[in-house]
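One structure below.
Protein chains: 2
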Amino acid sequence: MTAPDPVRILVCDDHIVVRAGLLALLDSAPGIEVVGEAGTGEEALALAAKLTPDVVLMDLQLGEGIDGVETTRRLTAAPGTTPHVLVLTTYDTDADITRAIEAGATGYLLKAERPEELFAAIHAAAQGRTALSGPVASRVMANMRSPRPSLTDRERDILAQLARGLGNREIARALFISEATVKTHLRRIYDKLGVDTRAGAVAVAKEQRLLP
Amino acid sequence: MTAPDPVRILVCDDHIVVRAGLLALLDSAPGIEVVGEAGTGEEALALAAKLTPDVVLMDLQLGEGIDGVETTRRLTAAPGTTPHVLVLTTYDTDADITRAIEAGATGYLLKAERPEELFAAIHAAAQGRTALSGPVASRVMANMRSPRPSLTDRERDILAQLARGLGNREIARALFISEATVKTHLRRIYDKLGVDTRAGAVAVAKEQRLLP
DNA sequence: GGGCGGGTCAGCCGATCGGATGACCCGCCC
DNA sequence: GGGCGGGTCATCCGATCGGCTGACCCGCCC
Chain A
1 MTAPDPVRIL
11 VCDDHIVVRA
21 GLLALLDSAP
31 GIEVVGEAGT
41 GEEALALAAK
51 LTPDVVLMDL
61 QLGEGIDGVE
71 TTRRLTAAPG
81 TTPHVLVLTT
91 YDTDADITRA
101 IEAGATGYLL
111 KAERPEELFA
121 AIHAAAQGRT
131 ALSGPVASRV
141 MANMRSPRPS
151 LTDRERDILA
161 QLARGLGNRE
171 IARALFISEA
181 TVKTHLRRIY
191 DKLGVDTRAG
201 AVAVAKEQRL
211 LP
Chain B
1 MTAPDPVRIL
11 VCDDHIVVRA
21 GLLALLDSAP
31 GIEVVGEAGT
41 GEEALALAAK
51 LTPDVVLMDL
61 QLGEGIDGVE
71 TTRRLTAAPG
81 TTPHVLVLTT
91 YDTDADITRA
101 IEAGATGYLL
111 KAERPEELFA
121 AIHAAAQGRT
131 ALSGPVASRV
141 MANMRSPRPS
151 LTDRERDILA
161 QLARGLGNRE
171 IARALFISEA
181 TVKTHLRRIY
191 DKLGVDTRAG
201 AVAVAKEQRL
211 LP
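Protein chains in written order, with UniProt numbering: chain A, 1 to 212; chain B, 1 to 212.
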């Protein structure tokens with residue numbers, strides 16, 4: 001019998017140890033071939049264009065340069081045949097998951113995942129099928145049941161200044177708006193995040209990775 | 001010529017991918033033998049007692065159970081022959097480094113480190129010599145030049161309540177102290193963190209991983 | 001052409017915060 | 001036995017915040 005073509009993988013992670021781990025794990029997996037590895041988003045884009053992998057295993061946190069989300073966006077938005085991006089990262093934060101999916105990721109796995117799950121997810125991703133880690137899937141479902149209101153761009157602007165410890169007047173000046181407007185935005189931010197103080201808002205924002 | 005005894009390693013990391021990566025990397029390294037792997041701090045303690053490794057490669061972030069710092073503390077505080085703990089983690093935050101060293105870690109490496117550095121650090125650790133990643137060493141030096149005042153236990157208590165968005169009166173009640181005392185602590189926290197608002201304090205605290 | 005989400009602005013007011021200053025107690029170490 | 005760090009408490013006051021209510025504009029979509 002003829003073996004089917006293996007799934008061709010490009011690995012993108014800034015940690016050498018993790019890349020080595022993936023290479024070691026995937027080498028032993030049937031029907032999977034690692035064709036390249038990248039340590040930055042820029043490298044991944046260049047290699048993907050040259051190697052045309054079926055699937056890109058992508059970490060969201062990439063030390064320097066563009067991050068995993070942006071890399072994913074560019075990979076999936078490129079003209080011609082685009083790879084399926086399977087996000088493999090450490091955190092199962094709502095904001096991260098949402099941003100990755102919006103950027104065009106086909107799946108979202110956690111690094112703590114068992115190897116068999118990883119292999120299955122890769123094969124699923126190769127066919128364009130969605131694959132989510134257990135905890136991630138749960139979180140997505142929970143979000144659909146009680147949708148977390150997402151902050152608007154402007155609200156994130158306010159939040160960013162807030163996290164710098166600025167007062168309302170200072171935030172107003174920094175963003176060229178009136179203090180009244182700042183307070184209005186803050187009110188809505190409090191509502192959305194379920195808090196009622198600035199300190200609480202910053203805590204939740206950092207927790208949910210809503211800030212750079 | 002007789003080969004020297006290899007350095008016996010115990011790997012502790014909650015991410016299977018990372019453990020696989022370390023195993024793969026270390027397998028190819030001369031004079032290093034991985035004798036066991038653990039996914040939690042509890043496992044690491046049990047295995048270390050049984051296997052008496054020369055060096056424990058320890059991640060600081062360990063999903064469930066006790067964290068890497070506490071595991072390190074118990075490993076190095078145990079009676080009898082204790083392994084040298086070499087921390088291998090993702091972040092080079094001041095607080096993490098300090099806590100790890102205080103807990104008895106022999107070295108502190110980043111996962112992005114090159115394999116040769118890793119090997120060298122392991123051999124150094126086996127002999128009880130300190131090994132630090134470049135960025136970590138720089139940070140330690142910088143801290144010695146301009147020492148970052150560390151928060152006291154009580155100040156961390158206050159900070160934790162602050163991050164919950166509590167007001168001074170609520171913090172006072174939560175900790176069974178007077179509001180005046182809360183304000184005194186806050187004042188010192190602001191001074192130490194270099195901020196002058198509660199929102200700023202929470203932001204810095206989260207940034208520096210001073211809070212759980 | 002009306003509804004709606006997002007952004008902007010206003011005034012009012014009580015509650016809270018942040019700044020400054022000074023004080024007491026306790027455990028520890030030289 | 002004195003100094004010192006850490007924790008506790010107090011008073012005073014101006015500045016700021018948070019809650020409330022209401023409003024206008026614009027772009028978009030049905």
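Beta carbons: idealized from backbone N, C-alpha and C, even for Gly.
Since the model is a prediction, treat every value here as computed from it, not as a measurement.
Chain-ordered neighbours of residue i on chain B, where CB pairs are closer than 9 Å
i, result
"I177/A", "Chain B residues near I177/A: none, gap ~18 Å exceeds 9 Å."
"G21/A", "H15, I16, V17, V18, R19, A20, G21, L22, L23, A24, L25"
Residue i at chain A interface by Cβ criterion, 8 Å
i, result
"T123/B", "Looking at the sequence shown, residue 123/B is not Thr but His. Cβ-Cβ to chain A under 8 Å: no for H123/B."
Under 8 Å from the C-beta of residue i: neighbouring residues of chain A
i, result
"R114/B", "I16"
Below-8 Å beta-carbon distance, residue i vs any chain B residue
i, result
"L10/A", "no"
Contacts of residue i in chain B (Cβ-Cβ under 8 Å)
i, result
"G63/A", "A112"
Problem - Within 9 Å of chain A by C-beta, residues of the UniProt domain "HTH luxR-type" (144-209) of chain B in sequence order - result: Answer set for the UniProt domain "HTH luxR-type" (144-209) of chain B: L162, A163, R164, G165, L166, G167, V195, D196, T197, R198, A199, G200, A201, V202, A203, V204, A205, K206, E207.
Problem - Cβ pair count under 8 Å reaching 3, the stretch 24-41 of chain B against the stretch 58-76 of chain A - result: Flag = no, the stretch 24-41 of chain B and the stretch 58-76 of chain A do not touch.
Exercise for the section: Quick one: which unbroken alpha helix (DSSP H) runs of 4-plus residues sit fully inside the stretch 99-144 of chain B? Chain order, please. Expected result: For secondary structure counted as the alpha helix (DSSP H) over 4 or more consecutive residues, the stretch 99-144 of chain B holds these complete runs in sequence order: 115-126.
Handout entry: Any 3 or more C-beta pairs closer than 8 Å across the stretch 10-22 of chain B and the stretch 37-52 of chain B
Key = Output reads yes: the stretch 37-52 of chain B touches the stretch 10-22 of chain B.
Problem - Stretch-stretch touch, CB-based, cutoff 8 Å, three pairs: the stretch 193-203 of chain B with the stretch 158-170 of chain A - result: The answer is yes - the stretch 158-170 of chain A touches the stretch 193-203 of chain B, with three or more Cβ pairs under 8 Å.
Exercise for the section: Report yes or no: do the stretch 119-127 of chain A and the stretch 90-104 of chain A share at least 3 C-beta pairs separated by less than 8 Å? Expected result: Short answer: they don't touch.
Handout entry: Three-pair Cβ contact test at 8 Å for the stretch 134-141 of chain B versus the stretch 108-120 of chain B
Key = Flag = yes, the stretch 134-141 of chain B and the stretch 108-120 of chain B touch.
Handout entry: alpha helix (DSSP H) runs contained entirely in the stretch 15-52 of chain A, provided each spans 4 or more residues
Key = Taken in chain order, the whole alpha helix (DSSP H) runs of length 4 or more contained in the stretch 15-52 of chain A are 16-27, 41-51.
Problem - Segments assigned alpha helix (DSSP H), at least 4 residues, entirely inside the UniProt domain "HTH luxR-type" (144-209) of chain A - result: Entirely contained in the UniProt domain "HTH luxR-type" (144-209) of chain A, the alpha helix (DSSP H) runs reaching 4 residues are, in chain order, 153-163, 168-175, 179-193, 198-207.
Exercise for the section: Mind the definition here: the stretch 47-54 of chain B touches the stretch 46-61 of chain A only if three or more C-beta pairs lie below 8 Å; say whether that holds. Expected result: Three or more beta-carbon pairs separated by less than 8 Å are not found between the stretch 47-54 of chain B and the stretch 46-61 of chain A, which leaves the two stretches without contact.
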